[in-house]
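Here the structure comes first, spelled out in C-alpha cells, and everything after it is commentary.
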Amino acid sequence: MTSRVDRTVGKNVSRVDGHAKVTGQAVYVDDLTTPGALFGGTVRSAVARGTLRGIRKDPSFDWTGITVVTAADIPGDNVVALIEDDQPLLAKDAIRHVYEPVALVACDDPVRLQQAIAAITLDVEPLPPVLSIEDAEAKKQIIYGKDNVQKRYVIEHELGGKTIDELILACDVVVTGRYAVHHQEQMYIEPQGMVAHWQEAGEGAEAGVGDGVHVTGSLQCPFYVHKAMKRAFALEGDRVHIGQAVTGGGFGGKEEYPSILAAHAALLSKVAGKPVRMIYGRKEDIEATTKRHPARIEITTGCTKAGELVALKVECAMDGGAYVTLTPVVLSRGILHAAGAYKWKHARIHGWAVATNTPPNGAFRGFGAPQTIWAIERHMDRIAEKLGKDPLTLRQQNLLAIGAVTVTGQTLTQSVGVVECIEKAVKSSDYFAKRAAYAKPSPAAGSRTRTRRGIGAAVFMHGAGFTGSGERRLKGKVQVDLEPGGRLRVRSASTDIGQGTETIFRQIAADAAELPFDTIEIETPNTSNVPDSGPTVASRTVMVVGSIVGKGAKMIADRVRASGTGDFATLADALLAREKKVSTLVEYEPPVAVQWNDDTYRGDAYPCYAWACDIAEVEVDLDTFETKVIGFWAAQDIGKAIHPIMCAGQVEGGTLQAIGWALYENLVMKDGHILNARMTNYVIPTSKDAPPFTTFLVEHPFSGGPSGAKGVGELPMDGGAPAIAAAVEQAIGALCNDLPLLPEDLFRAKSKSQVARS
Amino acid sequence: MIRFKVNGTVRETDAPPMARLLDVLRVPLGLTGTKEGCGEGECGACSVMLDGVPVNSCLVAVGQCEGREVVTVEGLAHGAELTPLQRAFIEDGGAQCGICTPGMLVAAEALLRRNTSPTDDDVRDAIAGNLCRCTGYQRIVDSIQAAAAAVRAKTSKASKASKAGGETGA
Amino acid sequence: MSAHAPAGLARTEMVCPKTIAEACAVLAQAHRDKRAASLLAGGTDVIVDRHLMPIEKARPLDLVVDLTGVDELTAISERDVAGERHLVFGGGVTYWQLRTDRRVLAAIPMLDAMAKDVGAVQIQTRGTLAGNIATASPAADGVPALMALDGVVKLVSEGGARTVPLDQFFLAYRKTVLAAGELIAEIDVRVPLPGARVTWRKVGTRLAQAISKVALAGVIEEERGTITRARFGVASVAAVTHPLGGVRALAEGKTFKALDRATVDAAIDLEIKPIDDVRSTGAYRLHVAKALVWRALAP
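Right under this line is the structure:
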C-alpha cells in the first residue's frame, strides 16, 4: 500500500539551504579551501580599440615563481564558445574594449601578484573607438561584419501587402515616440570567482578526483562552462568537470561570463601545475563582466479615436558591446516583447544590435524585454495623453486575452491572468482615486517642504522558457535515482542561485512521487554528476525543468510501488538489491501544440506567458528632484506559486532591481572606461530606499507546468521602471521617456520643459 | 601576536596589525561565514560585532582588536539552537542567495539587542548598511519583525511565568 | 580572498596609546625619525584607501597610531562660554555616540539627524568626528554640521595646543592647517538658542550608504524678527566644506522678510562653483544648494 503524504506544493516549507546560510556554513567559491593554490589575476588592455603589438615583462622585476600566460598558451581554440566565435579568451592582436583580457598571471602571494600585473606593459597601437549605438550606425569605423550589425530580426504581422507606415497613416490618431534605456550592472553581492585544478592523466591521486580539469565556482550554467572549456582546451567532455559552489546571486550576470573566468583559471592551473583561485574584486567584476544592453527604441502607432489600438511600428537598436555573447537571443526576446500585453491588428517590429568598443553586454534578468517593455509602456502613456484617457483604462481596453492573437500570430489558449492582476493591484493601491487626486494642481505646501506625489501603472507579460523552438532543440534532461531507504536523488543542472531551486525541486518531486519532502535529495550540480538540463535562465527552471523533475520522480516511485506490496522503503531496498541501479533519464518535450518558425519569426513564441500589473506611488521633492517610492503594488500571474514566500521574494527582488535601474543606477562611461566601478558610486537601493511592497500572486495555471506553474524569474524586472516613470511624470509634469530618472535627469527635464513653456 | 576573543574563545594571530579583521577571520581563523562584497564598507556582507556593536570587518585593522571581543555569524547560535532571527530568515524568506545573510543577521541581532519592538523604519535603518540584491528587503524586514515578535513572546512568557511563581525553564 | 592586498602591509607597525599625551609623543618621535606615520581611528578612510589603492600608487606607511584605545577622545562634556552653552566632543566621538547620547539628542537634535545620514550603522559605530574633519573630504557629512554650530577644533601636539575655528581649518582640497605631529583632540560647538531654526538636509545618491551631492547645515537665530546669527556649512559644492560667509553677511542683521530669493541666490553664485563628477552635475548642485539655503532662510 502506498503511503499518502501531505502535499508540499503551494506551501512555504523551510528552505533547504537555509540552515547552512544562516549559520555561515554555506561554502561559496571564496570559502573553498584549496591547499597549495595560487592566486590568479588578469592583465587588461586599458584602451578601447587598438592593435596589440607586444606584451612586455619588466626585466627588472623578479619573476621567480610567477606564471604568465597569453593567447599562445591556449591548447584549443582561442574563443569563448557560445553563439559566435568572435570573442577570444585572451586577445591576440585586436583589442576591442578597455577591459579586454590579454595575459594572465598566477603567484602564491597576492601582493606579488599585483606587482607582477603592474610589471607587464602592453604595446597597443590605438584605433578610433566606436562608443555608442549612434557611432556604430554612422559606420565611420567598421568594427564588426560589414555594417557593425551583430544581429537583425523583423516581425511582420498582418500587413496585407501594405507597408506599416501606410497602415498607421490610415488611422485616426498617430503617436510617435523615442525612448532610451541605459546599461545596468547585475551587482550580485558575491563577485565572480572560480577555482581550477588541472590534473594530468594518472595524477588523480585524490579520492574522487578524476583525470582532466576540475573547476568549481560561482555560476548559473555548468554546461555552458563545460562547452567553452572543451573547445578552449580541445578536451573530450568526460575530462572537463564543472561544479557549482553555493552562488551568491546571478541575475544573468553568471550566465555566460563564468565560461571566461573558468577557462582563465584552468589555463593558469595547467601551465603552473597547481590549483588556481581567481576571485574578482568588486572593481574588476564591474568592469569586466557583462551588463544589460542599452537600447534606443522608436515607436509609431495608429489607433482609433475611441482608443482601439490598430497598428504598431517599432524600430529597436541595442548596443551589443564589443562581442556578440548572447546578444542575438537578448535582441530576440526584446522584439518578441516589444508589442506589450496588447492586441494589434498590424505590426512591424524591427530590431538590430550593433557592436561598440565597450565591455560586452549580455544576460541580465529580463533579457531584452525590460528594454522594449519600457518603450511600449511609456508609449501607451503617450497615446493615453493624446486621447485624454486614463492610461490604465487605455491598457484595459486593449489587453490580450484568451483567444486573442499576438504579433507573432500566436493564439492564446490558456493561462492569461492579466485582468485579475490589474483588478488586484488597482483595488489595493486605490489607483484611480489617487491618480485623480494627484492630477489636481495643488500649490506646494509652504516653502520648506515642497513635494508632490504621483501614481503610475504598467501592465506587461513575459514569455516563460526558451523562445520559439529553443526547448525543442535543447532537449533538457533530468535524472532521478532510487537510493537506499526509499530515497530519491534528483540530478539536474539547474542551479540554485538564491531563487530556491533546491527547495522547489524537492517539493515538486515529493508531490509527484507522493513521498515525504525530506526523502528527496537534490544533487549539487556538477557536469560529471548531472545530465544537461539546459541553463538556469529564461524563467525556465520551474516550468520546464521542474516538469521533468516531477515526471522522473513519479516514474521511479511508480516502479517501486509496482514492484510489490509493503512500505515504500522496504520495496525500494528490495528493488535496488535486485537491479543494483534504479534510475531514469527524462527528457523535456514541449507541448506538441507549440510550433514556431525561425525563418519567418511566426508562431508560438513561448509556450505561455506570465502576466502582471505593477503600480508605483512616488513622492518627488520639487527642489532636489529626489524620488521616494512610497508604495509599490505588484500583482503577477505566475500560474502556480510552488512556494509562495519564495515567489514573492522573486517578485519583490526583481521589482527593486527595476526600481534601481530607473531611479539610482547609472553606469558612467567615458572613452569606454567605466568611471564608477565601485559599490560606492554604482548605486543600488538600500533598505531605506526600497518601498514597502504589496505583492499578489495570481494563479491562472498553465497545463504544461508542474501544478500549473509558469516562470517568475524575469517577469518582475519588466514593469517597475515604466510604472515608476508614469508616477514621476505625474508628480513633476515633465516627460520621462529616457532612463535613468536620476534627480539630475529630472532637474534637466523640468528645466527644459519650463523653458519650452515660457 | 594579537589576542582577542572570537565567538567566546580567545584566539591569537600573528597577522600584521594592519591586516583587515575580515581577512584574519576568513583565512587563518577559518571563519568564512563573514563575506567580502566590496572591500570598502559599502555592502555590509562582512559585518561582525566588535564589543557588541556592528562594524564592517573590512574597515577594522586586526591590531585594533587586541583584548576585544568579536562575534561573527558562526557565533550567533547557541550551540545547535538557532536564534529567533536565524529561524525567521529560513522560514520567512529573509535569505535567498545567502551572501548578505551573515552580515544582515549580525546587524539585525544588534538591533534586537537594543530594541525588541522596532518599527519597520527602525529595522530599515538598522540594516541600511547591508546591501541585498535578491529580496527587495521586504522579506528581510518581515523576518526581523517575526523574530522580534518571537523574542517578545518569549520574554513575556518568561516574565508571566516568574510572576506566577511558576517554574522557569533553564 | 580576492587577489588584492595592500603593499607593505607587514611592514607597518601599530602602536596603541592610551592617552592623548602618549599619542602625541609617538607621533613626534616618528616625525623626528622621518617615519611615515598615520593616525587611525574608525578606519573608514585609511583602511579602504590602503586596500583599494592600485599597488603602483600605494605610499609606504611605517607606523600607524591607533586612537581607538584613547578614552579621553570619546568624552562628551558641556561648558559655558561667555554665558552661552557649548558641547565639547572628544575627537574620537563616533556618529553612533551622537545618535545615542541623551545630552546631544536634547541639546542639538540636528547632530542626531546628521549622524543618521552618515553611511549606516556599521559606519556610524566606527566613523569619528576628528576622522571626518582630518580627512578633509568636501563631501564630509559631519563637517558642515559642526561648522554651522560654530565648531572650533583643539589641536594638540607634543609641544602644546591651539584652537582653530572650523571655517579656517581647511586650506584647499584635502589640505588642512593640521601640522605633522598634531591631532584633533576636541571639537567645541555652540548649542543653538532655544527657538533657533536649525537645518540639516543631505541630498545623497540614496538614503543610506551615500556620499552627498549636496548637504546643508544651518543655524539661524532671530531676535524680534531680526536675524542675529546665520551660520552654514555646505558639503560637496566646493573644494572644501563651505561656510557660505556671503550669505551669512547678507542675512545677519536683516529681518526674514527683507530677504528675497534672488538676492540670496546671487550671494551663493558669488561663493561656490560646484563641479560635475561621477555622482552629480555642477548645475544640479548649484540649484539644490540654492533651494536648500532658501528653505532655511525663507520667511
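Chains as they are written, first to last, in our numbering: chain A, 287 to 1044; chain B, 9 to 178; chain C, 6 to 304. For each residue, glycine too, the CB sits at the ideal point set by N, CA and C. The model shown is predicted, which means the values in this text are computed figures rather than measured ones.
Cα atoms of Cys142/B and Ala213/C: separation of roughly 18 Å, rounded to the nearest angstrom.
Residues of the region 57-84 of chain C with a C-beta atom less than 7 Å from some C-beta of chain B are Leu57, Val69, Asp71 and Thr73, listed in chain order. A check of alpha carbon separations from Lys13/B across Gly47/B, Gly75/B and Val68/B identifies Gly75/B as the nearest. For the region 267-278 of chain C, the set of positions with a beta-carbon nearer than 8 Å to some beta-carbon of chain B is empty. Not a single C-beta of chain C is nearer than 8 Å to the C-beta of Pro126/B. Contacts with chain A at 8 Å (Cβ-Cβ) include Thr286/C. Around Val295/A, the same chain offers Gln793, Asp797, Ile928 and Ser993 as residues with beta carbons nearer than 6 Å, after the five sequence neighbours per side are excluded.
For Ala404/A, the nearest beta carbon of chain C is closer than 8 Å to its own beta carbon. Counting only the Cα atoms, Ile454/A lies some 13 Å from His443/A. For Lys974/A, the secondary structure class from DSSP, reduced to helix, strand or coil, is coil. Per DSSP, Gln94/B is not a residue of any beta strand (DSSP E); the alpha helix (DSSP H) it occupies stretches across Pro92 to Glu99. Residue-level contact by beta carbon holds for Ile970/A and chain B, with a gap shorter than 8 Å. A residue is called buried once 16 or more other Cβ atoms fall within 10 Å of its Cβ, and Leu30/B is buried on that count.
Within the region 914-978 of chain A, the complete alpha helix (DSSP H) segments of 4 residues or longer fall at 930-949, listed in chain order. Along the region 115-143 of chain C, the positions whose C-beta sits under 8 Å from a C-beta of chain B are Lys121, Gly124, Ala125, Val126, Gln127, Ile128, Thr130 and Arg131, read in chain order.
Of all residues in the region 64-91 of chain B, the ones placed with a Cβ closer than 8 Å to any Cβ belonging to chain C are Asn64, Cys66, Leu67, Val68, Ala69, Gly71, Gln72 and Glu74, in chain order. For the region 938-959 of chain A, the beta-carbon criterion of a distance under 8 Å to any beta-carbon of chain C is satisfied by Tyr950 and Val954. As summarised for the region 629-710 of chain A, the continuous beta strand (DSSP E) elements at least 3 residues long and confined to that stretch are 632-641, given in chain order. Between Pro25/B and Gly71/B, the C-beta gap is smaller than 8 Å, which places the two residues in contact. For a Cβ distance threshold of 7 Å, nothing in chain C lies close to Leu390/A: the least Cβ distance comes to about 11 Å.
The shortest C-alpha to C-alpha distance from Tyr968/A to any of Val293/C, Thr210/C, Arg290/C and Phe94/C is the one to Thr210/C. The criterion of a C-beta distance shorter than 8 Å is not satisfied by Ala389/A and Thr337/A. Taking the C-beta atoms as reference points, Ala891/A is found nearer than 8 Å to Thr694/A.
Beyond the five residues adjoining it in sequence on each side, Ala963/A comes within less than 7 Å, by CB distance, of Lys569, Ile572 and Glu573 in the same chain, given in chain order. Residue state for His527/A is assigned as strand, using DSSP reduced to three classes.
Taking the Cβ atoms as the reference, Ala514/A lies roughly 20 Å from Ala392/A, outside the contact range of under 8 Å. Excluding the 5 residues flanking it on each side, Cys899/A has same chain C-beta neighbours closer than 6 Å at Cys707, Ile708, Ala711, Val745 and Ala921, in chain order. Fully enclosed alpha helix (DSSP H) runs of no fewer than 4 residues occupy 756-760 and 787-799 of the region 748-822 of chain A, in order along the chain. At a Cβ-Cβ threshold of 8 Å, Val224/C and Val293/C do not count as neighbours. Residue environment analysis places Gly47/C among the buried positions, since at least 16 neighbouring C-beta atoms fall within 10 angstroms of its C-beta. Within its own chain, the residues whose Cβ lies closer than 6 Å to the Cβ of Phe982/A, once the five positions on either side in sequence are excluded, are Lys710 and Ala921, listed in chain order. Under the rule that a run must span 3 or more residues, the beta strand (DSSP E) segments found entirely inside the region 344-385 of chain A read 353-356. Bridge partners of Glu89/B according to DSSP: His86/B. Under the three-state reduction of DSSP, Arg826/A is assigned to coil, being neither helix nor strand. Contact between Thr611/A and Gln373/A holds, since their C-beta atoms are separated by about 7 Å, short of 8 Å. If you draw a straight line from the Cα of Gly925/A to the Cα of Ile808/A, it comes to about 24 Å.
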